[in-house]
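Enquirer: Protein chains in written order, with my numbering: chain P, 799 to 1111; chain H, 316 to 615.
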């Protein structure tokens, strides 16, 4: 039932006149809700497939229920266990490294006083965000190839004697992915921290200068505490996305040699669900991911409620 | 303590810190720009010459042949046309739909305001996942068509929330006085709210356009067999992965029959062609996405 909203002691009564006045709003809402049900809520019924041996010919109602068989298969599959590990590991590494880089970049750029230096650097820093992952991974392949710039520099500086084929060794993969994410998003993610720093009261810095604080101390005692709320909100918001942060890069950078560390849940879903046509197994893996994501969000929201005044939703 | 005294006693640690700032930012700029410039240099270089390596910021043996080859490729043209079409169409429809929804949700008098908000916020956190969505599009007859690019993602709760935050900032009295003059809600949306909120429209339009321009996964998943609906990014991806297998050796280049183009340089040329429009545009739209992100990001 529609709640009557109280607002500044003024009530909006549900009268025919009010309903008629709002008819445009109602019609639009109705269309939007229909659209939302079709494209966002209807797919949720597909979760049933995870508990079935789904056959497209028989449909959702005619397929045989198999209980938790698909999940049992998943958790007995060594590949899937590795896939979960990879997804978590890369999600966490990416979240930590991109956050640190964004904060670091925002703080350091903020130390530059001259606008004609600051502005161009900012503009350059946004550039990679606008490139597609196809382009970014393509560039990365060239740079990290045995004849690429990274090997070139490392050999000239004497760190290595022979060129390393970075994409052939599993031990490099997670870090390459982390680097790719940092390269692409540092400047863009820093925007919000930059805004937070700009919002800090300048008199705090002046007072600190008078007390003889150097720049590092000002960062330590004024800037960092100043951006802490923003930092916490973003961190908690992104915790729910940890499992989502693993598809495009891994799909594009991965190859047979590093398969054991590059496959993520989404790639697994794609491989089983779409390529092998095992819709039920793919859905089960996807459902597992969704449930864990929701749990993470609820957990993050609870933590946020407990440790600060900020909440996510 | 006066100003002069403070300046004299500027601590040595500040000078060291200043050096660190310069080094950090210089490396940041180099690491960000170098790969991009290198790709541009490669794309203008002669193919066989490029296989020798050692091209950094400037082409060694200048050639336009890579671009000539790329622009003679039919699939690149098809991809470019589809990409432009989907970007334009999706930006217009999606912007309109999100703005209208944000408008409805931000009307303080609207009876179902909070329920409608909740309905959309939930979609941000819960979704069916790849397989159910794939089957839905298949059942709706969207796979294998151009419509799959712009119909399903038309409304996004995130973009709607960004716009809502802005629309809520408009004083209610404006709306009320318009209503006294007999204006309906659509007139208020079209003639009062929208003109006042052009910056956020630009922000969201940019987000949608970039997303559309850079999409490749939907082309691969839903339109793999329909070459007439391929996109630029997907064509680039196919080119890159086929090149990866050949690993761009000089041997291949020679086998190509005295042709002076090689996978390395072709790949670079397509990459440059794909990223050029966005790279040229984004600096001018900077202030829009910066404000859009700072206000939309720190929500409530």
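By construction, the Cβ of each residue, glycine as well, lies at the ideal position given by its N, Cα and C atoms.
(1) May I ask which residues mark the beginning and end of the alpha helix (DSSP H) holding residue 1032 (chain P)?
(2) Is there a Cβ from chain P that is less than 8 Å from the Cβ of residue 601 (chain H)?
(3) Assuming the contact rule is C-beta atoms closer than 8 Å, residue 885 (chain P) and residue 923 (chain P) should be a hit. Round their C-beta distance to whole Å, please.
(4) Here's the rule: buried if 16 or more other CB atoms are within 10 angstroms of the residue's CB, otherwise exposed. What is residue 402 (chain H)?
(5) In whole angstroms, what is the alpha-carbon distance linking residue 509 (chain H) and residue 534 (chain H)?
(6) Would you say residue 467 (chain H) lies against chain P (beta-carbon separation less than 8 Å)?
(7) So residue 916 (chain P) is in the alpha helix (DSSP H); what residue range does that whole segment cover?
(8) Is residue 1051 (chain P) buried or exposed, if buried means 16 or more other CB atoms sit within 10 Å of its CB?
(9) Using three-state DSSP, classify residue 868 (chain P) as helix, strand or coil.
(10) By the three-class DSSP mapping on this structure, what secondary structure does residue 862 (chain P) have?
(11) Which word fits residue 442 (chain H), buried or exposed, when buried means at least 16 other C-beta atoms lie within 10 angstroms of its C-beta?
(12) Comparing the CB of residue 504 (chain H) with every heavy atom of the ligand HEM, is any distance shorter than 7 Å?
(13) Less than 8 Å between the C-beta atoms of residue 877 (chain P) and residue 1029 (chain P), yes or no?
(14) Return the CA-CA distance between residue 514 (chain H) and residue 599 (chain H), expressed in angstroms with no decimal places.
(15) Helix or strand or just coil, what does DSSP make of residue 597 (chain H)?
(16) Where residue 897 (chain P) and residue 363 (chain H) are concerned, what is the direct C-alpha to C-alpha distance, given to the nearest angstrom?
(17) Report yes or no: is there a C-beta of chain H within less than 8 Å of the C-beta of residue 1122 (chain P)?
(18) If we count Cβ pairs, one from each stretch, closer than 8 Å, do we get three or more for the segment 464 to 473 of chain H versus the segment 1090 to 1100 of chain P?
(19) If you drop the 5 nearest sequence neighbours on each side, which residues of the same chain put their C-beta closer than 7 Å to that of residue 1087 (chain P)?
(20) Taking the continuous alpha helix (DSSP H) assigned at residue 1064 (chain P), which residues delimit it?
(21) Against chain P, does residue 540 (chain H) count as a neighbour if the rule is that its beta carbon must be under 8 Å from one of theirs?
(22) Does the beta carbon of residue 974 (chain P) come closer than 8 Å to any beta carbon on chain H?
(23) Whose Cβ in chain H lies nearer than 7 Å to the Cβ of residue 789 (chain P)?
(24) Please confirm if residue 361 (chain H) has its CB atom under 8 Å from at least one CB of chain P.
(25) Starting from residue 438 (chain H) and walking both ways along the alpha helix (DSSP H), at which residues does that stretch end?
(26) Can you confirm whether residue 914 (chain P), when its beta carbon is compared against all beta carbons of chain H, has any partner nearer than 8 Å?
(27) Do we get a CB-CB distance below 8 Å when we pair residue 444 (chain H) with the residues of chain P?
(28) Sort P:846, P:1104 and P:948 by Cα distance to residue 1031 (chain P) and report the nearest one.
(29) Would you kindly check if the distance between the Cβ of residue 937 (chain P) and the Cβ of residue 354 (chain H) is under 8 Å?
(30) Ordered along the chain, which non-local residues of its own chain (more than five positions away) have a Cβ less than 7 Å from that of residue 520 (chain H)?
(31) Skipping 5 residues on each side, what residues in its chain have a beta carbon closer than 7 Å to that of residue 889 (chain P)?
(32) Mind checking whether residue 830 (chain P) and residue 547 (chain H) have CB atoms under 8 Å apart?
(33) By the criterion of Cβ-Cβ separation under 9 Å, what are the contact partners of residue 822 (chain P) in chain A?
(34) Any beta carbon from chain P within less than 8 Å of residue 485 (chain H)'s own beta carbon?
(35) Taking residue 395 (chain H) as part of the alpha helix (DSSP H), name the residues at either end of that continuous run.
(36) What residue does the alpha helix (DSSP H) around residue 374 (chain H) start on, and which one ends it?
Expert: The relevant details are as follows:
(1) 1022 to 1037
(2) yes
(3) Actually they do not touch by this definition, with Cβ atoms about 28 Å apart.
(4) buried
(5) 33 Å
(6) yes
(7) 913 to 924
(8) buried
(9) helix
(10) strand
(11) buried
(12) This structure lacks the ligand HEM; in fact it carries no ligand of any kind.
(13) no
(14) 13 Å
(15) helix
(16) Annotation: residue 897 (chain P) to residue 363 (chain H) spans about 42 Å, alpha carbon to alpha carbon.
(17) In the structure displayed, chain P extends from 799 to 1111; residue 1122 (chain P) sits before or after that span and is not available.
(18) no
(19) 1041 and 1063
(20) 1063 to 1067
(21) no
(22) no
(23) For chain P, the structure presents residues 799 to 1111; residue 789 (chain P) sits outside this window and is missing.
(24) no
(25) 428 to 440
(26) no
(27) Residue 444 (chain H) counts as touching chain P.
(28) P:1104
(29) In this structure, residue 937 (chain P) lies closer than 8 Å to residue 354 (chain H) by Cβ.
(30) 406 and 410
(31) When the five nearest sequence neighbours on each side are left out, the beta carbons in the same chain lying within less than 7 Å of the beta carbon of residue 889 (chain P) are those of 1040, 1041, 1043 and 1044, in order along the chain.
(32) no
(33) This model lacks chain A altogether, as its protein chains are P and H.
(34) no
(35) 389 to 420
(36) Boundaries for residue 374 (chain H): no alpha helix (DSSP H) harbours it, and the DSSP string shows neither H nor E there.
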